[in-house]
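> Okay, here's the structure, questions in a sec.
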Amino acid sequence: MKQIRKRLRLLLMVMASMFALLVAYAVYSLNMYDTRWFTSGSNTFVRTVKKNVVPGDIFDRNHVLLATSSDGERVYQDDLAARSAVVHVLGDNLSHVSYGVETFMAKYLYGFDASYIERLSAALRGETRRGDDVFLTIDSRLSTLIARAFPTGKAGAVAVMNYQTGEVLSIQSFPTFDPQSITSAVKNDPQKPFFNRAIQGLYAPGSTFKIVTAACALQNLPDAQTLTLLCDGQLQVDGHVITDAGTTKEDLEAGSVSGHGELTLQSAFVKSCNNSFARLALALGDAQLKKTAEGFGFGDNFLFRDIVLQNSAYPGGARSAFELAWTGAGQSALLSSPLHMLLVASAVANDGVMMEPRILQSAQSAGGTVRASFAQKEYKRALSSETADILKTYMRGVVTSGTGTAAGVSGVRVCGKTGSAQLDTQEDTNAWFVGFIDDESAPYAACVVVENAGGGGAVAAPIAKTIFTYLANQGK
Amino acid sequence: MKLFSARSLSRERRKSPAAPMLAMAMLFFFTAFLLLALKDFSWQAVGMALAVPAIMLLGVTGLPKLFHADKLLLSLVNFLCALGVLVLYRLNAQKGMTQALYYLLGVGAMLFCILLVRYMRAWKWMTVLLCAASLALLALPLVFREKTNDAYNWVTLAGVRFQPSEVVKLALLLALAFLLANRKYILAILFAGACLALLMLQQDLGTALIYYGTTLFMLFAATGSLLLVGLGLAGGAGAAYFGYTRFRHVQKRVAIWQNPWNDPQGAGYQIVQSLIAMANGGLWGVGLGVGNATVIPEYDTDFIFAVILNEFGVVFGLVVLLIYLAIVIRGVGVALRARNRFDALLAIGCTALLALQTFVIIGGNIKLIPLTGVTLPFISRGGTSLISSLCLVGLLQGVASRNDDAIKKDKALAELAREELS
């Protein structure tokens, strides 16, 4: 019996730790995710409460009124172009758009965080309660400008942020729609206008991923800056061929592919040579490349305080040399959102430190009490500041003499990287540009994606130019 | 402490911590039902406001008058049962009334179990009977093939619809306790294995998991053999792997568990709505009667914990968890005071079964483990489940009262010895 009692005590410990696990997990997961669960489009409870509360107003960084309420209706900016340019950031109160401010910040807008006293006094006075006003870091004027510059009829996304503070100036997805008249044509549009491509769209990042491959090479190969890469335009790996963007099957068969010749890492980056980056990926190996990619946030579970961002993926499992080679050039099962690629460029711009992106400046009660405001926060260090400095010069080269000259603004130190990602399901490539202004007085980064539109340098870079021109002149 | 120490010489008259707790609990249910009465202007709810605390009082203070029972254990269990009635009444008055009826029946069944443990002597024949009946009962649903939510675990006999596995639970505990106490380990393992195989065939994975865990716990308590437990764990892992590769519905459950948000309106709907209900509740809950957790499918059985978190809040939910833990601690206490192997094994078996069942279903609700449909003991809607949970407590109480008899006998002997010495 004595033996049994000893075992019983042990079993009690086992059962007690099972309960401890339940408590710990419940507390942890509610603490981490409750806002996301609460604001999810599937939450019918929020919809019911919304009927009894007048939602607060939404303002942009320059205190432009983006949304207000009038006679129980949600009213947005008068100008159609202006209100549809910020429609994905704001979302709509029917939750067509996931994680827009209207739903994700319902806590403030509908006063869910109001105290019981406030609720009670409103009820006693017979007033309809009014939620808090929300001030965003979004720049409505810039958003309208971008919408105007974006190719009509094309799908895609744009995101702009201050890489030093993490303030997001624009999150845009195309096509847009008018939040004040959501027609069945919009609902049934095959291009899915409600889908917020900037934060939820997962794309092959294409050559913009070469920032990561280059960072990996600089950090792991001792002679990275001096080594010579030979490009003949058709690298053979495992019996398959790695080609550059724009090379067709016919070109290969005709033998008219010449390649870039002898390159350094810098010139390979500036010319966006797939061949060289495939070689680099093979030299670095899957494990090293994956580690650097994870440093940049691939595979992270992004839990930002006020932005819900789809997680990016670095392909897992055993992979062939051919697949690895393509990954070095930004293809083959790599997936990333436009906002994440913006963070990648921002980390390079900000001396290797990735700031947490945020769009909430403050939430204020009608009386002016600040109810919530988030301080800027480092998300992680993605790379060393030395590597970041070298990458900055490479990215500057892309804009001065490489594939991204169309993004250049005279008198402004614009750096960037283009991308033209191929998709089997699409006729044309997805055009990418990520870049930033390398200047303390205008610390902004931008990411542009235009789907099925052609080369990044030709299609995406000019939009980035519009953005950088506006931002560089803003203070003047 | 000084105040009580003089009186604690006599165990019966010692002031129990259960008394103020009981008063608080009665007040809680009184006001809660009054609130529901105000909400719907229903006299029935007013009646419940009086009846439920009265049943609690009867259950907690009345029963121990008949013979010794652990008062604290009784009040904790009664609180959970009454909470079940309250939550169900708020969701659907009719369901609440039915549950209250089962609660009364369950208290009667609990009494029967106490008497069974106290006065039953012919355990050998009883065990043979129990084993045979268990296997027959577990095979019944396989014969009738009445499908409920992916599983064949219900039968209708003579117009009564019930879940054989809930009844067999009790038989399993009694039979295992007897076999293990008499060191018939092979027989015990064979019997438990047969039950598990039948449950797997019923595709009732949650219950199989609970049976399996309980058997392992009892086996360890009886033998202390790490080899046997290791073999048991390996067998369980093998069965789990086999089940995962063989059965589509198992793979589906695991996939939903990994990411219910892949399909929040379809396959993941249940879990997603459960998580949302908890998030809506926040720390202090949305309030009794104003939540909308009824959007969760099976809200009154599998997901009753989510409903409680929704209306009463996380803090209250954690308190409910702590009550379960307190029951477990008390149950192990009963086992520790037991005078023979059978009593100790029976008590730890009952306790482990309650603990495992609670863990499996609450873990499923909060997405800690894949969801398997079992009921939350004492709270979930369902006659078989509530009555069988109360019977478990009855078995535990039976052991407690036997312990008490033994203590009294010891005391009497000590008294006698002292008198003879003087």
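If you're matching them up, the sequences are chains A and B in order. Read left to right, the first sequence gives residues 2 to 477 (the working numbering). Read left to right, the second sequence gives residues 81 to 502 (the working numbering). The C-beta atom is built at its ideal place from N, Cα and C for all residues, glycine as well.
1. If you draw a straight line from the alpha carbon of I242 (chain B) to that of V235 (chain B), how long is it in whole angstroms?
2. Determine, using beta-carbon pairs with one atom in the segment 292-312 of chain B and one in the segment 267-276 of chain B, whether at least three such pairs fall under 8 Å.
3. What ranges does the alpha helix (DSSP H) occupy inside the segment 308-352 of chain A, keeping only unbroken runs of at least 4 residues that lie completely in it?
4. Could you give the first and the last residue of the continuous beta strand (DSSP E) run that contains I438 (chain A)?
5. Taking Cβ-Cβ distances shorter than 8 Å, what residues in chain A pair up with N233 (chain B)?
6. D140 (chain A) touches chain B at which residues, Cβ-Cβ below 9 Å?
7. When every heavy atom of the ligand MN is checked, does at least one fall within less than 7 Å of the C-beta of A317 (chain B)?
8. Can you check the segment 324-412 of chain B for any alpha helix (DSSP H) of at least 4 residues that lies completely inside it and give the ranges in chain order?
9. Please classify Y164 (chain A): does DSSP put it in a helix, a strand, or coil?
10. Closer than 8 Å by beta-carbon distance: list the chain A residues that pair up with V334 (chain B), in chain order.
11. Would you mind working out which of B:L191, B:L184, B:Q282 sits nearest L222 (chain B), comparing C-alpha positions?
12. If you measure beta-carbon to beta-carbon, which residues of the segment 28-43 of chain A are closer than 7 Å to chain B?
13. Between the alpha carbons of L209 (chain B) and A216 (chain B), how many angstroms are there, rounded?
14. Under 8 Å Cβ-Cβ, which residues of chain A neighbour Y292 (chain B)?
15. Kindly list, in the order they appear in chain A, the residues whose Cβ is closer than 8 Å to that of G310 (chain B).
16. Can you look up R75 (chain A) in the DSSP assignment and give me helix, strand or coil?
17. Using DSSP with H/G/I as helix, E/B as strand and the rest coil, what is V354 (chain A)?
18. Per DSSP, which one or two residues make a beta bridge with E263 (chain A)?
19. Would you give the residue range spanned by the alpha helix (DSSP H) that V102 (chain A) belongs to?
20. Quick check: what's the CA-CA separation for S366 (chain A) versus L95 (chain A)?
21. I'd like the list of long-range same chain contacts for D425 (chain A), defined as Cβ closer than 8 Å, with 5 residues on each side in sequence excluded.
22. Can you give the Cα-Cα distance for A317 (chain B) and A330 (chain A), rounded to whole angstroms?
23. Answer with yes or no whether the minimum CB distance from P457 (chain B) to chain A is below 8 Å.
24. Taking 8 Å as the threshold (beta carbon to beta carbon), is Y445 (chain A) in contact with chain B?
25. For Y445 (chain A) versus V135 (chain A), is the C-beta distance shorter than 8 Å?
26. Let me see if you follow: with CB-CB separation under 8 Å, is V394 (chain B) close to chain A or not?
27. In whole angstroms, what is the alpha-carbon distance linking T406 (chain A) and R414 (chain A)?
28. Less than 8 Å between the CB atoms is what I'm expecting for V187 (chain A) and Q173 (chain A), so what's the real figure, rounded?
29. Which bits of chain A does Y265 (chain B) rub up against, with CB to CB less than 9 Å?
30. Measure the CB-CB distance between A373 (chain A) and A383 (chain A) and report whether it falls below 8 Å.
31. Spatial neighbours of L466 (chain B) within its chain, please: C-beta separation below 6 Å, excluding the five flanking residues on both sides.
32. Comparing C-alpha positions only, which one of B:V334, B:L114, B:A105, B:V197 sits nearest to A149 (chain B)?
33. In three-state DSSP terms, what is Y111 (chain A)?
34. In or out: N224 (chain B) buried (at least 16 other Cβ within 10 Å) or exposed?
35. Would Q4 (chain A) be called buried (16 or more neighbouring beta carbons within 10 Å of its own) or exposed?
36. Less than 7 Å between C-beta atoms, sequence neighbours within five positions excluded: which residues of the same chain meet that for S144 (chain A)?
According to the data block:
1. Position 162 of the second sequence, counted from the start, is the residue given in the question as residue 242 (chain B). Position 155 of the second sequence, counted from the start, is the residue given in the question as residue 235 (chain B). This sequence places Phe at residue 242 (chain B); Ile is not what is there. Whole-angstrom Cα-Cα distance: 6 Å.
2. Result yes; three or more Cβ-Cβ pairs closer than 8 Å.
3. If we require 4 residues or more, the alpha helix (DSSP H) runs fully inside the segment 308-352 of chain A come out as 322-329, 339-350.
4. Position 437 of the first sequence holds residue 438 (chain A). In the DSSP assignment, I438 (chain A) falls within the beta strand (DSSP E) that extends over 431-438.
5. As a first step, residue 233 (chain B) is located in the second sequence; it is residue number 153 there, counting from the start. Those do not exist, as N233 (chain B) stays about 24 Å from chain A at its closest Cβ, beyond 8 Å.
6. On the first sequence, position 139 is the one that residue 140 (chain A) refers to. The contacting residues do not exist; D140 (chain A) stays about 31 Å from chain B at best.
7. No copy of the ligand MN occurs in the structure displayed, which carries no ligand at all.
8. Counting only runs of 4 or more, we get 328-338, 349-361.
9. On the first sequence, residue 164 (chain A) is found 163 positions in, with the first residue counted as 1. Secondary structure of Y164 (chain A) (DSSP, three-state): coil.
10. Within the second sequence, residue 334 (chain B) is the residue found at index 254, counting from 1. Under the 8 Å cutoff, chain A gives no residues; its nearest Cβ is about 17 Å from V334 (chain B).
11. As a position in the second sequence, residue 222 (chain B) is number 142, starting the count at 1. Scanning B:L191, B:L184, B:Q282 for the CA closest to the CA of L222 (chain B) turns up B:Q282.
12. Listed by position, the residues of the segment 28-43 of chain A near chain B (Cβ gap below 7 Å) are S30, L31, D35, W38, F39, S41, S43.
13. Along the second sequence, one-based indexing puts residue 209 (chain B) at 129. Along the second sequence, one-based indexing puts residue 216 (chain B) at 136. Roughly 11 Å separates the two Cα atoms.
14. For the purposes of this step, residue 292 (chain B) is taken as the residue at position 212 of the second sequence. Neighbours of Y292 (chain B) on chain A: none; closest Cβ ~15 Å, over 8 Å.
15. Against the second sequence, residue 310 (chain B) aligns to sequence position 230. Here the premise fails: no neighbours, minimum Cβ distance about 15 Å.
16. What you label residue 75 (chain A) is simply residue 74 of the first sequence in a count that begins at 1. Residue state, collapsed to three classes: strand.
17. Within the first sequence, the letter at position 353 stands for residue 354 (chain A). Reduced to three states, the DSSP call for V354 (chain A) is strand.
18. On the first sequence, position 262 is the one that residue 263 (chain A) refers to. Per DSSP, A:L231.
19. For the purposes of this step, residue 102 (chain A) is taken as the residue at position 101 of the first sequence. Counting along the chain, the alpha helix (DSSP H) containing V102 (chain A) begins and ends at 102-105.
20. Numbered from its first residue, the first sequence carries residue 366 (chain A) at position 365. Numbered from its first residue, the first sequence carries residue 95 (chain A) at position 94. When the Cα atoms are used, S366 (chain A) and L95 (chain A) turn out to be separated by approximately 23 Å.
21. Position 424 of the first sequence, counting from 1, holds the residue named residue 425 (chain A). So the list is empty, once near-sequence residues are dropped.
22. Counting from one through the second sequence, the residue named residue 317 (chain B) turns up at place 237. Counting from one through the first sequence, the residue named residue 330 (chain A) turns up at place 329. In a straight line, the C-alpha of A317 (chain B) is about 42 Å away from that of A330 (chain A).
23. Position 377 of the second sequence, counting from 1, holds the residue named residue 457 (chain B). False, the Cβ-Cβ gap to chain A never drops below 8 Å.
24. Locating residue 445 (chain A) in the first sequence gives position 444, where the first residue counts as 1. For Y445 (chain A), the answer is no, since every Cβ of chain B falls outside 8 Å of its Cβ.
25. As a first step, residue 445 (chain A) is located in the first sequence; it is residue number 444 there, counting from the start. As a first step, residue 135 (chain A) is located in the first sequence; it is residue number 134 there, counting from the start. Against a cut-off of 8 Å, the Cβ pair of V135 (chain A) and Y445 (chain A) comes out as no contact.
26. The sequence position of residue 394 (chain B) within the second sequence is 314, counting from 1. At least one chain A Cβ lies under 8 Å of V394 (chain B).
27. Taking the first sequence and counting its residues from 1, the one referred to as residue 406 (chain A) is at position 405. Taking the first sequence and counting its residues from 1, the one referred to as residue 414 (chain A) is at position 413. If you take the alpha carbons of T406 (chain A) and R414 (chain A), they lie about 12 Å apart.
28. To locate residue 187 (chain A), count along the first sequence from 1; it is residue 186. To locate residue 173 (chain A), count along the first sequence from 1; it is residue 172. That pair is no contact at about 16 Å.
29. Here residue 265 (chain B) refers to the residue found at position 185 of the second sequence. Those do not exist, as Y265 (chain B) stays about 14 Å from chain A at its closest Cβ, beyond 9 Å.
30. Taking the first sequence and counting its residues from 1, one reaches residue 373 (chain A) at position 372. Taking the first sequence and counting its residues from 1, one reaches residue 383 (chain A) at position 382. No, the Cβ-Cβ distance between A373 (chain A) and A383 (chain A) is not below 8 Å.
31. Taking the second sequence and counting its residues from 1, one reaches residue 466 (chain B) at position 386. Closer than 6 Å at Cβ, skipping near neighbours: Y182, G186.
32. For this step, residue 149 (chain B) is matched to residue 69 along the second sequence. Checking every option, the nearest Cα to that of A149 (chain B) belongs to B:V197.
33. As a working note, residue 111 (chain A) is residue 110 in the first sequence. Judged by DSSP in its simplified three-state form, Y111 (chain A) adopts coil rather than helix or strand.
34. Taking the first residue of the second sequence as position 1, residue 224 (chain B) is located at position 144. According to the sequence shown, residue 224 (chain B) is Phe rather than Asn. Under a 10 Å Cβ-count criterion, F224 (chain B) is classified as exposed, with fewer than 16 other Cβ atoms of the shown protein chains found around its own Cβ.
35. What you label residue 4 (chain A) is simply residue 3 of the first sequence in a count that begins at 1. Here Q4 (chain A) is exposed, its C-beta having fewer than 16 other C-beta atoms within 10 Å.
36. Residue 144 (chain A) sits at position 143 when you count from the first residue of the first sequence. Cβ neighbours of S144 (chain A) beyond the five flanking positions: A86, V87, S171, Q173.
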